[in-house]
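Trainee: Structure incoming, see below.
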Amino acid sequence: MSMGSLATVTDLAGTPRRNGLLVRLWRRRWIAGSVFLAVMVVTVAALLVLPVSYLANGSVIVAEPEPGVPNQSAAWAQKIGDPADLESQLLVVRSPRVMRLAMAMPGAHDAVLRECRWQAGRGLLGLLFPSREDACDKLAPDSEELIEYVMARYKVGTVGRSRVINIAYQSPLPDVAQTLANALVTAFLDDQKANLSSSREAAAAYLWQELKQLDAEVRENDAAIQEFRRAKGLMRGAAAPISSERLTSINQQLATAEAARAEAAARLREIKASQARGAADAPSVLSSRSVADLKQQLTTVTGQLANMAFTLGERHPSLRALQRERDILEQRLGQEVATVAASAQKSYDAADALVASLKQQAVAIKAEVAAATADEASIESMVRSADIKRQKYSELYRRASELETERRVMLGSTRLVSLAEAPTRPFFPKKLPFLAAGFTFATLLGFAAALLRDRADRSVRASGDLASVTGAPIFAELPRVARAAATPVLGMMLSRQSELPLPAALDKARRDPHLQDALRKLYAGIVLAGSNERFRTILVTSSGPAEGKTFTTLALAQLVAATGRRVLVMECDMRRPTIATALDLTGGPGMTAVLSGKFPLREAVVRSGIPNLDVIPAGRPTSTSTELLMSKTMVEALRFAEAYDLVLIDSPPADVLMDAHVLAKHVDGVLCCTRWGRSSIAGAAATIESLRAAGGNVFGMTITMVKPDDLPFYEARPVRPVAYLGAA
Numbered sequence: 258m259s260m261g262s263l264a265t266v267t268d269l270a271g272t273p274r275r276n277g278l279l280v281r282l283w284r285r286r287w288i289a290g291s292v293f294l295a296v297m298v299v300t301v302a303a304l305l306v307l308p309v310s311y312l313a314n315g316s317v318i319v320a321e322p323e324p325g326v327p328n329q330s331a332a333w334a335q336k337i338g339d340p341a342d343l344e345s346q347l348l349v350v351r352s353p354r355v356m357r358l359a360m361a362m363p364g365a366h367d368a369v370l371r372e373c374r375w376q377a378g379r380g381l382l383g384l385l386f387p388s389r390e391d392a393c394d395k396l397a398p399d400s401e402e403l404i405e406y407v408m409a410r411y412k413v414g415t416v417g418r419s420r421v422i423n424i425a426y427q428s429p430l431p432d433v434a435q436t437l438a439n440a441l442v443t444a445f446l447d448d449q450k451a452n453l454s455s456s457r458e459a460a461a462a463y464l465w466q467e468l469k470q471l472d473a474e475v476r477e478n479d480a481a482i483q484e485f486r487r488a489k490g491l492m493r494g495a496a497a498p499i500s501s502e503r504l505t506s507i508n509q510q511l512a513t514a515e516a517a518r519a520e521a522a523a524r525l526r527e528i529k530a531s532q533a534r535g536a537a538d539a540p541s542v543l544s545s546r547s548v549a550d551l552k553q554q555l556t557t558v559t560g561q562l563a564n565m566a567f568t569l570g571e572r573h574p575s576l577r578a579l580q581r582e583r584d585i586l587e588q589r590l591g592q593e594v595a596t597v598a599a600s601a602q603k604s605y606d607a608a609d610a611l612v613a614s615l616k617q618q619a620v621a622i623k624a625e626v627a628a629a630t631a632d633e634a635s636i637e638s639m640v641r642s643a644d645i646k647r648q649k650y651s652e653l654y655r656r657a658s659e660l661e662t663e664r665r666v667m668l669g670s671t672r673l674v675s676l677a678e679a680p681t682r683p684f685f686p687k688k689l690p691f692l693a694a695g696f697t698f699a700t701l702l703g704f705a706a707a708l709l710r711d712r713a714d715r716s717v718r719a720s721g722d723l724a725s726v727t728g729a730p731i732f733a734e735l736p737r738v739a740r741a742a743a744t745p746v747l748g749m750m751l752s753r754q755s756e757l758p759l760p761a762a763l764d765k766a767r768r769d770p771h772l773q774d775a776l777r778k779l780y781a782g783i784v785l786a787g788s789n790e791r792f793r794t795i796l797v798t799s800s801g802p803a804e805g806k807t808f809t810t811l812a813l814a815q816l817v818a819a820t821g822r823r824v825l826v827m828e829c830d831m832r833r834p835t836i837a838t839a840l841d842l843t844g845g846p847g848m849t850a851v852l853s854g855k856f857p858l859r860e861a862v863v864r865s866g867i868p869n870l871d872v873i874p875a876g877r878p879t880s881t882s883t884e885l886l887m888s889k890t891m892v893e894a895l896r897f898a899e900a901y902d903l904v905l906i907d908s909p910p911a912d913v914l915m916d917a918h919v920l921a922k923h924v925d926g927v928l929c930c931t932r933w934g935r936s937s938i939a940g941a942a943a944t945i946e947s948l949r950a951a952g953g954n955v956f957g958m959t960i961t962m963v964k965p966d967d968l969p970f971y972e973a974r975p976v977r978p979v980a981y982l983g984a985a
């Protein structure tokens, strides 16, 4: 067969296939449904079997300032907003020490025993293990078993990103859950108050006692010092003794006067130096407004003289007038400089006199201060002792205030938000969320199982994959013929209809338009495949049993016979003959008797009830079919069959017996059948390879029993008239 005809045949069989996600799920819907149903049954059973539990919640808040009290110290800044502090509080609540304090609360231990005995006597575990009630006797007060028991049922955590700690207890008894949740809340608050405030309160009390004693001592020292100063006349001013304050004032005035005198002396020296040079450029001289104006006028006149000297003669009246004006300005400038020098001299003399006077006063006051210092030295130790006590008093007062503030912070850092109330609704299991979770899990698990099963399925499902592996074109895909389901809904869900018997299947195939179209496509493929060489005798086989080869043989024979062509069907499956029963044939010795030499071939031909269709049934079953097919009589039978337009030979499965391999080299072509969803692609490829190795010409394949959901049809129906573009 040429490559062109092979491509043509492949294109004819290459029907578009729906193979998306939904199609694969629908294909494996019985697996998905089974898994879904199983999970939902387990979910409902768990909902009925699992014991009901209640959750009681209490809450406290950490590191919040007391209402109306301002933030007094840095301790608050360290507490408020510190995640480490909140984590520490959570660890404290979960600690065995606090759990023991909670179990010591009134009624807590009795509630635990009541819960334990209730659980031991109820439920499936209580029936299976009656000795569980003995374990409740081990929950003695302050025992490790008791702490482990309640710690497994307490739930402690924060509420979102807030600083609220939620303390909850889970129990099958609502009142027990409330009692034990409140026991832990109360124990935690009491423990916080007891541990965090006792040490600071004791330290603050001691410091306040020390401060009271220091205050009395400081007052006694101050009174003694004041009495001595009154007796010695050493009264103090605002910051020091009066004599010292006077001396300080005189010294300040003297320093100011000496600075003024030095400034005046420097100014005077500068002016005298300028006079000695005959210039008036000293800053002290130029600071005079008159000198500055005269200097400016003199500069202007000098500039005019310099300009006229180039254009006028030395005796020119204008030039002489400017020279006289210059001389007058220089004379006036000298007088002004002398006046400035005299003023500077007076300022210096006045400053010098003031310095001398202040020095005399300072000497006199120093004598007074020296006498007062001698008297003050006698009480220096008393003053030093008083200062030390004041400093100590200040430090102790500051520390006592901080301790008092911290004590108040610790008392207010953990406060009650709400106690637990008796729960009215179960915490677990909640029916709707539980069923919703089970439904979701069942759906996902069912889909996953269906997709995994479909992915693991290596059976024939796509003609393109089969053709590419085997190298043989796919002529047609024959839809499955099955009896209608008794219940439509159940049939849609399971799609596991039992297969029809061969006679009923053939009868229904004649009335099934979809199957008839597929058979026409198969016959067209055979005709096109034999365009260059005529295929008159065709061997129809398959890899294994129950893959539709006999049905394909008879259905194709009926279709071709209906066209007026003479068709002969030879049943060579002599191990399990079925054609005689399927076509309701009577008479004829059968192929077994013919190949055994007991009857001539003509007597074995039986006319069926279908015009133009003759059949040679297998006859009596035999286990020596392979030897019979290898005889010369079989070759003669094939020559006899050449009188027909089409000869279809039904053979046993090629992987079960060698009968198909024996016949393959004597026929014009081999048509291999593979069953949709059951035949293996690798098995089909191996079968075709072995048939070709035996000398057979495997010119095509057909896929049988394709589910209608996976096979699109081009149905015959009236087409609604459409208006073509540009038509009126």
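When you line the sequence shown up against my numbering, it's residues 258 to 985, in that order. Every residue gets a Cβ at the ideal spot worked out from N, C-alpha and C, and that includes glycine. Given the structure is predicted, the values throughout are model-derived calculations rather than measurements.
Can you give me the Cβ contacts of residue 865 inside the same chain, cut-off strictly under 6 Å, excluding the 5 residues immediately before and after it?
Mentor: 840 and 872, listed in sequence order.
Trainee: Check the DSSP bridge columns for residue 393 and list the partner residues they point to.
Mentor: Answer by DSSP bridge pairing: none, since residue 393 is not bridged.
Trainee: Can you give me the start and stop residues for the alpha helix (DSSP H) that residue 377 sits inside?
Mentor: Unbroken alpha helix (DSSP H) run through residue 377: 365 to 377.
Trainee: How far does the alpha helix (DSSP H) with residue 355 in it reach, from first residue to last?
Mentor: Run containing residue 355: 353 to 360, per the alpha helix (DSSP H) assignment.
Trainee: Which residue wins for smallest C-alpha separation from residue 954, given the options 928, 893 and 937?
Mentor: Of 928, 893 and 937, the residue nearest in Cα terms is 928.
Trainee: Once the 5 residues before and after residue 518 are set aside, which same chain residues still bring their CB inside 6 Å of it?
Mentor: If we look at residue 518 and ignore the five residues flanking it on each side, its Cβ neighbours are 608, 609 and 612.
Trainee: Look at the Cβ atom of residue 508, then the Cβ atom of residue 619, and state whether they are nearer than 8 Å.
Mentor: Yes; because the gap between Cβ atoms is below 8 Å, this pair is in contact.
Trainee: Indicate whether residue 907 and residue 824 have their beta-carbon atoms separated by less than 8 Å.
Mentor: No, Cβ-Cβ distance for residue 907 and residue 824 is not below 8 Å.
Trainee: Just how far apart, CA to CA, sit residue 362 and residue 392?
Mentor: Using only the alpha carbons, I get a separation of about 22 Å.
Trainee: Of all the alpha helix (DSSP H) runs that stay within the bounds of the region 838 to 898, which reach a length of 4 or more residues?
Mentor: The region 838 to 898 contains these whole alpha helix (DSSP H) runs: 848 to 852, 858 to 861, 882 to 886 and 889 to 897.
Trainee: Let me confirm a value: residue 574 is counted as buried when at least 16 other C-beta atoms fall within 10 Å, else exposed. Which label applies?
Mentor: Residue 574 should be labelled exposed.
Trainee: Where does residue 456 fall in DSSP's three states?
Mentor: Helix at residue 456.
Trainee: On a Cα-Cα basis, can you pick out the residue from 881, 924 and 888 that is closest to residue 898?
Mentor: Closest by alpha carbon: 924.
Trainee: Is residue 397 near the ligand ZN, in the sense that its beta carbon is under 7 Å from a heavy atom of that ligand?
Mentor: This structure lacks the ligand ZN, and indeed carries no ligand of any kind.
Trainee: For residue 431 versus residue 309, is the C-beta distance shorter than 8 Å?
Mentor: The answer is no: Cβ separation not under 8 Å.
Trainee: Between residue 962 and residue 737, is the Cβ-Cβ spacing less than 8 Å?
Mentor: It is a contact, given that the beta carbons lie within the stated cut-off.
Trainee: CA-CA distance, residue 601 and residue 475?
Mentor: Each residue's Cα considered, the two are about 58 Å apart.
Trainee: On the three-pair Cβ rule with 8 Å, is the region 686 to 700 touching the region 284 to 304?
Mentor: Contact between the region 686 to 700 and the region 284 to 304 is present, because at least three Cβ pairs lie under 8 Å.
Trainee: One question on the structure: do residue 316 and residue 422 come within less than 8 Å of each other, judged by their Cβ atoms?
Mentor: Yes, the pair counts as a contact, with Cβ atoms nearer than the cut-off.
Trainee: In terms of residues, what are the limits of the beta strand (DSSP E) holding residue 414?
Mentor: Run containing residue 414: 411 to 415, per the beta strand (DSSP E) assignment.
Trainee: Can you have a look at residue 882 and say buried or exposed, based on whether 16 or more other CB atoms are within 10 angstroms of its CB?
Mentor: By the 10 Å Cβ count, residue 882 comes out buried.
Trainee: Return yes when the Cβ of residue 410 is within less than 8 Å of the Cβ of residue 435, no when it is not.
Mentor: No.
Trainee: DSSP three-state call for residue 547: helix, strand or coil?
Mentor: Residue 547: helix per DSSP, three-state reduction.
Trainee: From this set, 413, 562, 705 and 879, which residue's C-alpha is nearest residue 288's C-alpha?
Mentor: Nearest C-alpha to residue 288: 705.
Trainee: Taking the alpha carbon of residue 459 as the point to measure from, which residue in 567, 656, 394 and 731 has its own alpha carbon closest?
Mentor: Considering only alpha carbons, the answer is 656.
Trainee: Take residue 807 as the anchor and find which of 794, 693, 834 and 784 has the nearest alpha-carbon.
Mentor: Considering only alpha carbons, the answer is 834.
Trainee: Grab the span of the alpha helix (DSSP H) containing residue 770 for me, first residue to last.
Mentor: Note, residue 770: alpha helix (DSSP H), 770 to 786.
Trainee: Report the residue from 880, 504, 368 and 571 whose alpha carbon sits nearest the alpha carbon of residue 909.
Mentor: Checked all of 880, 504, 368 and 571; the closest Cα to residue 909 is 880.
Trainee: Considering only residues of the same chain and omitting the five flanking positions on each side of residue 343, which have a CB-CB separation below 7 Å?
Mentor: These residues qualify, in order along the chain: 319, 415 and 420.
Trainee: Going straight from the alpha carbon of residue 675 to that of residue 445, what length do you get?
Mentor: If I take the Cα positions, the gap works out to 13 Å.
Trainee: Could you check how far apart the C-beta atoms of residue 471 and residue 649 are, in whole angstroms? I think they sit under 8 Å.
Mentor: Confirmed, Cβ separation roughly 6 Å.
Trainee: Pull up the CB-CB distance for residue 944 and residue 911, whole angstroms please, since I reckon it's below 8 Å.
Mentor: The Cβ separation is near 5 Å, so the contact holds.
Trainee: Can you tell me the Cβ-Cβ gap for residue 587 and residue 555, rounded? I've got them flagged as a contact below 8 Å.
Mentor: That pair is a contact at about 7 Å.
Trainee: What is the DSSP secondary structure of residue 636, counted as helix, strand or coil?
Mentor: Three-state DSSP puts residue 636 in coil, outside helix and strand.
Trainee: Give me the Cα-Cα distance between residue 378 and residue 371, rounded to the nearest whole angstrom.
Mentor: For residue 378 and residue 371, the distance between alpha carbons rounds to 11 Å.
Trainee: So is residue 277 buried or exposed if we call it buried at 16+ other beta carbons inside 10 Å?
Mentor: Looking at its Cβ environment, which holds fewer than 16 other Cβ atoms inside 10 Å, residue 277 is exposed.
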